[in-house]
Amino acid sequence: MQFVSTRGKAAAVSLSQAIRNGAAPDGGLYLPDAIPVADLSTLDAAMPLAEFAGRMLAPFFDEDPLAAELPKICAEAFDFAVPIVTPDPRRPDLRALELFHGPTGAFKDFGARFLMACFDRIGDSADPLTVLAATSGDTGGAVGCAAEGRSAVRAVILYPKGRVSPFQELQLTCWDDPVQALEVDGDFDDCQRVVKAAFADRLLSDRHRLTSANSINIGRLLPQMAYVGHAALRLFAETGVKPGFVIPTGNLGHGFAALYARALGLPIGPIILVTNANRTLIDWHRSGDYAPRPSITTLANAMDVGAPSNFERLAALSPEQAEARVDLVDDETIRARMKSEYEESGYVWCPHSATAVEAWARLPAAEQAERTWIAAATAHPYKFAEAIEPVIGAEIPPPPALAAILGRPARKRSVPAQLGALVLALDGEAQAAA
Ligand SMILES: *Cc1c(COP(=O)(O)O)cnc(C)c1O
1 MQFVSTRGKA AAVSLSQAIR NGAAPDGGLY LPDAIPVADL STLDAAMPLA
51 EFAGRMLAPF FDEDPLAAEL PKICAEAFDF AVPIVTPDPR RPDLRALELF
101 HGPTGAFKDF GARFLMACFD RIGDSADPLT VLAATSGDTG GAVGCAAEGR
151 SAVRAVILYP KGRVSPFQEL QLTCWDDPVQ ALEVDGDFDD CQRVVKAAFA
201 DRLLSDRHRL TSANSINIGR LLPQMAYVGH AALRLFAETG VKPGFVIPTG
251 NLGHGFAALY ARALGLPIGP IILVTNANRT LIDWHRSGDY APRPSITTLA
301 NAMDVGAPSN FERLAALSPE QAEARVDLVD DETIRARMKS EYEESGYVWC
351 PHSATAVEAW ARLPAAEQAE RTWIAAATAH PYKFAEAIEP VIGAEIPPPP
401 ALAAILGRPA RKRSVPAQLG ALVLALDGEA QAAA
């Protein structure tokens, strides 16, 4: 299978090359040149997710050098449970797909683990790839964790000093070699500026084989298609009706993966994309005009996106494939929803996941009754305890994976927001390794 750019001005490449490149050279995003139809006869709801993913994703790896490695990549990436639970037994048709049982407590673990497992096989331990990531939250921690202990890829993570919570900082700084955390004296935009400058420096970029793990990488979307497909097939086997999905949305990676899984032929009914108060997506859906804008800060901060980076992929789908509803939930409603759900069922939804429950609750009763709906629960509530605890009036204990992070020592290097400082860190680390 070949991968082509959404802008149509770059050469078609193999999957490995698309993963290595991240964005296409013409600035577009990679998509398969044709949508492969899943062979449902090879897929079984009772299969463990790793095995299911290996089969469902096989057509994307067809003729790629990584094809033989796919089962091992899936075994490494999908090494934690993905339960579907019924948060409130009085509403059996609303399920939560708990995507937060990975080592850093958010669904970013899927994409990061899959991508790093691929990079580790694309790279070479004598001359490793370097993933450079500017982060303000979940992605950096997931990437660091997924890179720990690898030999053909290392990770360098830049985060803004004093702008992440103490737990977030620990989650960025607690990983062992070959992971390096740089605390940048500046804000998130400064971190991004330095990273962009590094990629723009061809010599530097070649010397360290720089690559990126951001949400446009096709290697992050594939594993998301797999767990969406697996969840859909599990519920379809149980109920005989295609489940609906409600997806908390920021950069549209997760939402796009669900649309694509449906286009592959997985039994998926209606899809609702829910944003926080950032209006870009809902305004586009209502007016047909796409107008990216600066993001605003909300309680569901991993979804604070004003220019969804995967929008170009959505626009590349046919109207039928892209068929989705869009809803928006503001902070006040997120708080009210987290509170009422906790009071009625004892279940704690994180602020992101609460947007999905709210969107489901707004559906007409007839639509709720027609099928089972899956709300994607994207982060463990412990990660957002500061925001949730005052609202529900209860303390959220850390789950075992996050408690393990609390016990790890932190390692970081403080640097000014300048490319020169990043170069020193990159070269220094490479020399130490040599
Ligand atoms: C990243 C993230 C989202 C949004 O996912 P996209 O793929 O960017 O749309 C939602 N919830 C949480 C907890 C996240 O970390």
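Under our numbering, the first residue of the sequence shown is numbered 1, with each subsequent residue one higher.
Just so you know, even glycine gets a beta-carbon here, dropped at the ideal spot from N, CA and C.
Residue i and residue j: beta carbons closer than 8 angstroms?
| i | j | result |
| --- | --- | --- |
| Leu31 | Arg362 | no |
| Gly265 | Arg220 | no |
| Ala45 | Arg234 | yes |
| Ala75 | Arg113 | no |
| Val450 | Leu129 | The first residue shown for the chain is 1 and the last is 434, placing residue 450 beyond what the model contains. |
| Gly144 | Val179 | yes |
| Ile157 | Ala23 | no |
| Ile271 | Ala257 | no |
| Glu395 | Glu389 | yes |
| Ala300 | Ile247 | no |
| Met56 | Leu43 | yes |
| Asp33 | Ser5 | no |
| Val305 | Gly250 | yes |
| Glu358 | Arg371 | no |
| Pro223 | Ala53 | yes |
| Ser136 | Phe188 | yes |
| Arg413 | Cys174 | no |
| Ile73 | Ala117 | yes |
| Gly149 | Asp176 | yes |
| Asp120 | Ala152 | yes |
| Asn276 | Val329 | yes |
| Pro319 | Ala307 | no |
Excluding the 5 residues preceding and the 5 following residue i in the sequence, name in chain order all residues of the same chain whose CB lies nearer than 6 angstroms to its CB.
| i | result |
| --- | --- |
| Ala263 | Ile35 and Gln321 |
| Arg154 | Pro128, Thr130 and Pro178 |
| Ala134 | Leu158, Cys191, Gln192 and Val195 |
| Val326 | Leu273, Leu281, Ile282 and His285 |
| Leu402 | Gly105 and Tyr382 |
| Ala213 | Leu115, Val131, Ala133 and Val143 |
| Phe245 | Ala258, Ile271 and Ile374 |
| Ala237 | Ala45 |
| His208 | Thr130 and Leu426 |
| Pro59 | Pro36 |
| Thr239 | Thr372 |
| Pro398 | Tyr382 |
| Ala421 | Val415 |
| Glu323 | none |
Please return the same chain residues whose Cβ sits closer than 8 angstroms to the Cβ of residue i, not counting the five positions on each side in sequence.
| i | result |
| --- | --- |
| Ile84 | Arg95, Ala96, Leu97, Glu98, Ala231, Arg234, Leu235 and Ile374 |
| Asp289 | Asp283 |
| Asp93 | Gln368, Ala369, Arg371, Thr372 and Trp373 |
| Asp205 | Looking at the sequence provided, one finds Ser at residue 205 rather than Asp. These residues qualify, in order along the chain: Ala198 and Phe199. |
| Gly8 | Asp26 and Gly28 |
| Lys339 | Val391 and Ile392 |
| Phe61 | Met1, Leu15, Ala67 and Leu70 |
| Trp360 | Leu94, Val246, Ile272, Gln368, Trp373 and Ala375 |
| Ala417 | Val184, Asp185, Gly186, Asp190, Cys191, Arg193 and Val194 |
Round the Cβ separation of residue i and residue j to the nearest angstrom and send it over; I've been treating them as touching at under 8 angstroms.
| i | j | result |
| --- | --- | --- |
| Phe100 | Ala377 | 6 angstroms |
| Ile392 | Tyr347 | Contact flag wrong, Cβ pair sits at about 10 angstroms. |
| Ile296 | Asn278 | 6 angstroms |
| Glu344 | Asp39 | Contact doesn't hold; Cβ gap of about 42 angstroms is too wide. |
| Ala261 | Met303 | With 8 angstroms as the limit, Ala261 and Met303 do not qualify as a contact, their Cβ atoms being about 20 angstroms apart. |
| Ile405 | Gln168 | About 10 angstroms; that fails the 8 angstroms criterion. |
| Tyr227 | Val37 | About 20 angstroms separates the two Cβ atoms, so there is no contact after all. |
| Ile218 | Phe3 | 7 angstroms |
With a threshold of 7 angstroms, establish whether the CB of residue i neighbours any heavy atom of ligand 2.
| i | result |
| --- | --- |
| Ile271 | Questions concerning ligand 2 fall outside what the structure shown contains, since the ligands it does hold are ligand 1. |
Answer yes or no: does any C-beta atom of chain B fall closer than 8 angstroms to that of residue i?
| i | result |
| --- | --- |
| His230 | In summary, chain B is missing from the structure at hand, where a single protein chain is found. |
Apart from the five residues on each side of it in sequence, which residues of its chain come closer than 7 angstroms, Cβ to Cβ, to residue i?
| i | result |
| --- | --- |
| Met47 | none |
| Pro20 | The residue asked about is misnamed: residue 20 is Arg in this sequence, not Pro. Within the same chain, Arg20 has close Cβ partners Ile122 and Thr211. |
| Pro103 | Asp109, Cys145 and Ala401 |
Are the segment 155-168 and the segment 139-147 touching by the rule of at least three beta carbon pairs closer than 8 angstroms? Short answer: they touch.
Residues near ligand 1, CB to any non-hydrogen atom under 6 angstroms, in chain order? Cβ-based neighbours of ligand 1 within the cut-off: Ala106, Lys108, Asp138, Ser215, Pro248, Thr249, Gly250, Asn251, Leu252, Gly253, His254, Gly255, Ala302, Met303, His352, Thr378 and Ala379.
Below 8 angstroms, can you find three or more Cβ-Cβ pairs linking the segment 12-22 to the segment 52-71? Because the criterion of three Cβ pairs below 8 angstroms is met, the segment 12-22 and the segment 52-71 touch.
Quick check: the segment 378-388 against the segment 352-361, are there 3 or more CB pairs under 8 angstroms? Here the segment 378-388 lies against the segment 352-361, with 3 or more beta-carbon pairs under 8 angstroms apart.
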